[in-house]
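Visitor: In the numbering used here, the protein residues as written are 3 to 345.
#1: Using the C-alpha atoms, what's the distance from residue 279 back to residue 272?
#2: Report the option in 206, 311 and 161 whose CA atom is closest to the CA atom of residue 123.
#3: Please confirm whether residue 174 and residue 217 have their CB atoms less than 8 Å apart.
#4: Are the beta-carbon atoms belonging to residue 338 and residue 127 less than 8 Å from one another?
#5: Let me confirm a value: residue 256 is counted as buried when at least 16 other C-beta atoms fall within 10 Å, else exposed. Which label applies?
#6: Would you report the Cα separation of residue 342 and residue 310, rounded to the nearest angstrom?
#7: Shortest alpha-carbon distance to residue 210 belongs to which of 301, 133 and 165?
#8: Quick one: any contact between the segment 300–308 and the segment 227–240, if contact means 3 or more CB pairs under 8 Å?
#9: With a Cβ-Cβ cutoff of 8 Å, do residue 158 and residue 239 count as a contact?
#10: What does residue 340 pair with, by DSSP beta-bridge criteria?
#11: Check whether the Cβ atoms of residue 290 and residue 199 sit closer than 8 Å, and answer yes or no.
#12: The alpha helix (DSSP H) with residue 301 in it runs from where to where?
#13: What's the call for residue 250, buried or exposed, on a 16-neighbour Cβ count within 10 Å?
#14: Could you tell me the distance, in whole angstroms, from the CA atom of residue 335 to the CA atom of residue 146?
#15: Taking only three categories from DSSP, how would you classify residue 235?
#16: Which of the three DSSP states, helix, strand or coil, is assigned to residue 156?
#17: If I measure Cβ to Cβ from residue 201 and keep anything under 8 Å in the same chain, skipping five residues before and after, which residues do I get?
#18: Would you identify the three-state DSSP class for residue 206, choosing helix, strand or coil?
#19: Would you report the Cα separation of residue 129 and residue 156, rounded to the nearest angstrom?
#20: Starting from the Cα of residue 116, find the closest Cα among 283, 312 and 344 and give me that residue.
#21: Report buried or exposed for residue 237, applying the criterion of at least 16 other Cβ atoms within 10 angstroms of its Cβ.
#22: CB residue 170 to CB residue 203, shorter than 8 Å?
#23: For residue 267, count neighbouring C-beta atoms within 10 Å of its own C-beta (all shown protein chains included) and say buried if the count is 16 or more, exposed if not.
#24: Name the residue from 345, 167, 164 and 131 whose alpha carbon lies nearest to the alpha carbon of residue 150.
#25: For residue 168, which of helix, strand or coil comes out of DSSP?
#26: Indicate the three-state DSSP secondary structure (helix, strand or coil) for residue 189 in the structure shown.
#27: Taking 8 Å as the threshold (beta carbon to beta carbon), is residue 290 in contact with chain D?
#28: Note down the Cα distance separating residue 234 from residue 270, rounded to an integer number of angstroms.
#29: Give the DSSP bridge partners of residue 121, in chain order.
#30: If I'm right that residue 285 touches residue 192 with Cβ under 8 Å, what's the distance once you round it to whole angstroms?
#31: Report the partner residues of residue 353 according to the DSSP bridge assignment.
So, in structure tokens, the structure goes:
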């Protein structure tokens, strides 16, 4: 019930209606004639009855019906003053509830994700002088150097309650219990001012991660709550879902398990990643190492190469996607020389 309806009901109960003659207007109708000066003593007074000339022919049943309808409308309508007086007579609790309109029901917002650190992991990085080994001999298993200059250790805090399946898979990857490992792989993508990316599946000789064979499906990827956390702070660790750049043929396999991850570098937030990637941890120690990794120059194609790649993509050439895989790749190999769990 609105405040106006409550006021009307109270006024009808408290204030008696004025009973008027059914065939007479509430006030005499003013006569149409010359205007009366404003200083005349008759201003504001109803004109006398002998000034009203109503022909007998107009006093029909139709006119009486219109007058009666007008009287009923005036009798039931309430003035602003009457409404305020009626509210003043109400009890305080009733008048307050009448003035305050009921607010629409608001659905309770879901609880914020629990970012409690349940596990800690480490990644050791080293910098090679070149992207590939120049002294590689026949029979070497990798194109990546094994004796690069150490950059330092990064300690990650993992949110096992916010993204349980993602954290479980990452923990098994760093521990070497997934049929694969991040050890020996490289940072394959670096976007200045945004993030560095690792865990690309492909050829081990090029520093890619071998496809994991002992991981169950990740249920976090189909749970909306897993995408709730934002990439606001530098050092945010997330699973690459929207940013995943594994080959389409690899992702089409039923045994495929996504283990690509990224770490934001700052200095500002990377909110363009929100809603497309699963935040599952943060950097606890070693942001200076992440800054050193992000400072390594990357390959940037020329405008002509980009145009040729766009044209090849338009023609459906599969080599276009492979060509884009080298864009934003560090010109010096940044290797994860070791990794594991600390807890």
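Beta carbons: idealized from backbone N, C-alpha and C, even for Gly.
Guide: Working from what's here:
#1: Here residue 272 corresponds to residue number 270 of the chain shown, with the count starting at 1. Here residue 279 corresponds to residue number 277 of the chain shown, with the count starting at 1. When rounded, the distance between both Cα atoms is 11 Å.
#2: By 1-based counting over the chain shown, the position of residue 123 is 121. That would be 161, whose Cα lies nearest to the Cα of residue 123.
#3: Residue 174 sits at position 172 when you count from the first residue of the chain shown. Residue 217 sits at position 215 when you count from the first residue of the chain shown. Yes, the pair counts as a contact, with Cβ atoms nearer than the cut-off.
#4: The count along the chain shown starts at 1 and reaches residue 338 at position 336. The count along the chain shown starts at 1 and reaches residue 127 at position 125. Yes, the Cβ-Cβ distance between residue 338 and residue 127 is below 8 Å.
#5: What you label residue 256 is simply residue 254 of the chain shown in a count that begins at 1. Under this definition residue 256 is an exposed residue.
#6: Looking up residue 342 in the chain shown gives position 340. Looking up residue 310 in the chain shown gives position 308. For residue 342 and residue 310, the distance between alpha carbons rounds to 42 Å.
#7: Taking the first residue of the chain shown as 1, we reach residue 210 at position 208. For the residues 301, 133 and 165, the minimum Cα distance to residue 210 belongs to 133.
#8: no
#9: Here residue 158 is taken as the residue at index 156 of the chain shown, counted from 1. Here residue 239 is taken as the residue at index 237 of the chain shown, counted from 1. Yes; because the gap between Cβ atoms is below 8 Å, this pair is in contact.
#10: For the purposes of this step, residue 340 is identified with residue 338 of the chain shown, where counting begins at 1. 126.
#11: Reading the chain shown from its first residue, position 288 is the one you call residue 290. Reading the chain shown from its first residue, position 197 is the one you call residue 199. The answer is no: Cβ separation not under 8 Å.
#12: In the chain shown, residue 301 corresponds to position 299, counting from 1. Residue 301 -> no alpha helix (DSSP H), and no H or E assigned at all.
#13: Numbered from 1 along the chain shown, position 248 holds the residue referred to as residue 250. By the 10 Å Cβ count, residue 250 comes out exposed.
#14: Residue mapping note: residue 335 aligns to position 333 of the chain shown, counting from 1. Residue mapping note: residue 146 aligns to position 144 of the chain shown, counting from 1. Between residue 335 and residue 146, the C-alpha separation is close to 7 Å.
#15: As a working note, residue 235 is residue 233 in the chain shown. Coil at residue 235, not helix or strand.
#16: Taking the chain shown and counting its residues from 1, the one referred to as residue 156 is at position 154. Strand at residue 156.
#17: Translated into positions along the chain shown, residue 201 becomes position 199. Excluding sequence neighbours, residue 201 sits near 175, 184, 187, 211, 242, 261, 262 and 263.
#18: Position 204 of the chain shown, counting from 1, holds the residue named residue 206. Three-state DSSP puts residue 206 in a helix.
#19: Position 127 of the chain shown, counting from 1, holds the residue named residue 129. Position 154 of the chain shown, counting from 1, holds the residue named residue 156. Rounded to the nearest angstrom, the two C-alpha atoms are 14 Å apart.
#20: Against the chain shown, residue 116 aligns to sequence position 114. Comparing Cα positions, the closest option is 283.
#21: Within the chain shown, numbered from 1, the residue matching residue 237 stands at position 235. So residue 237 counts as buried.
#22: Here residue 170 refers to the residue found at position 168 of the chain shown. Here residue 203 refers to the residue found at position 201 of the chain shown. In this structure, residue 203 does not lie closer than 8 Å to residue 170 by Cβ.
#23: Stepping through the chain shown from its first residue, residue 267 is reached at position 265. Answer is buried; the Cβ neighbour count reaches 16.
#24: Counted from its first residue, the chain shown places residue 150 at position 148. Of the listed residues, the one whose Cα sits closest to residue 150 is 131.
#25: Position 166 of the chain shown, counted from the first residue, corresponds to residue 168. Here residue 168 sits in helix by DSSP.
#26: Mapped onto the chain shown, residue 189 falls at position 187. Strand.
#27: This model lacks chain D altogether, as it is built from one protein chain only.
#28: For the purposes of this step, residue 234 is taken as the residue at position 232 of the chain shown. For the purposes of this step, residue 270 is taken as the residue at position 268 of the chain shown. Distance between the alpha carbons of residue 234 and residue 270 is about 7 Å.
#29: Here residue 121 refers to the residue found at position 119 of the chain shown. Note: residue 121 sits in a beta bridge opposite 160.
#30: For the purposes of this step, residue 285 is identified with residue 283 of the chain shown, where counting begins at 1. For the purposes of this step, residue 192 is identified with residue 190 of the chain shown, where counting begins at 1. With a Cβ gap of about 16 Å, residue 285 and residue 192 do not count as contacting.
#31: What is shown of the chain runs 3 to 345, which leaves residue 353 out entirely.
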